[in-house]
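Numbering (this note's numbering), first residue to last: 2 to 157.
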């Protein structure tokens with residue numbers, strides 16, 4: 002006499018045996034784009050995307066800064082944003098508690114995030130807020146060459 006398994010029993014057994022394998026395969030799958038970074042540089046290209054990935058954690062999404070274990074200065078309404086060299090120096094080189102991101106951002110990326118910050122939080126018009134990659138390059142220390150801009154990343 003042969004035994005036949007009912008479909009419900011076979012399905013339950015297959016689920017029990019294959020479920021963990023499928024879950025493990027999904028957990029090991031590569032992350033979907035957009036990536037946060039490719040290791041040593043950021044992949045985002047647009048000013049808002051760079052700000053969201055890099056600046057908002059300390060300066061907050063609304064640019065109002067934060068206080069807690071440390072003080073993170075507000076960008077919203079900050080008169081220093083009108084001075085392009087000041088902002089570029091801070092982004093590229095950092096100052097005290099703020100790290101510099103010059104080795105992780107290309108001139109194009111620094112220009113994009115600086116333009117975004119100056120317009121969104123500094124109250125400048127789009128034309129007045131615009132920063133060019135050439136301005137960033139001119140202010141970089143000669144010993145601190147910019148990384149190449151991300152080639153494969155789509156504008157986020």
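For glycine and all other residues, C-beta sits at the position ideal for the given N, C-alpha and C. The structure displayed is predicted, hence computed values, not measured ones.
Query raised in the report: Are at least three pairs of beta-carbons, each pair with one atom in the segment 93-104 and one in the segment 126-146, less than 8 angstroms apart?
Result: yes
Query raised in the report: In angstroms, rounded to a whole number, what distance separates the CA positions of residue 121 and residue 77?
Result: Walking along the chain shown from the start, residue 121 turns up at place 120. Walking along the chain shown from the start, residue 77 turns up at place 76. Residue 121 and residue 77: Cα-Cα distance of roughly 8 angstroms.
**Report entry** Rounded separation between residue 135 and residue 89 - CA only
**Finding:** Along the chain shown, read from residue 1 onward, the residue named residue 135 stands at position 134. Along the chain shown, read from residue 1 onward, the residue named residue 89 stands at position 88. Their Cα atoms are separated by approximately 12 angstroms.
Query - Whether residue 48 touches residue 137 by CB criterion (8 angstroms) - result: The residue given as residue 48 occupies position 47 in the chain shown. The residue given as residue 137 occupies position 136 in the chain shown. No. Outside cutoff.
Query raised in the report: Cα separation between residue 84 and residue 112?
Result: On the chain shown, residue 84 is found 83 positions in, with the first residue counted as 1. On the chain shown, residue 112 is found 111 positions in, with the first residue counted as 1. Near 14 angstroms, if we compare the C-alpha coordinates of residue 112 and residue 84.
Query - Ordered list of alpha helix (DSSP H) runs contained in the segment 88-129, each at least 4 residues - result: 108-121
Query raised in the report: DSSP on residue 71, reduced to helix/strand/coil?
Result: Reading the chain shown from its first residue, position 70 is the one you call residue 71. Coil at residue 71, not helix or strand.
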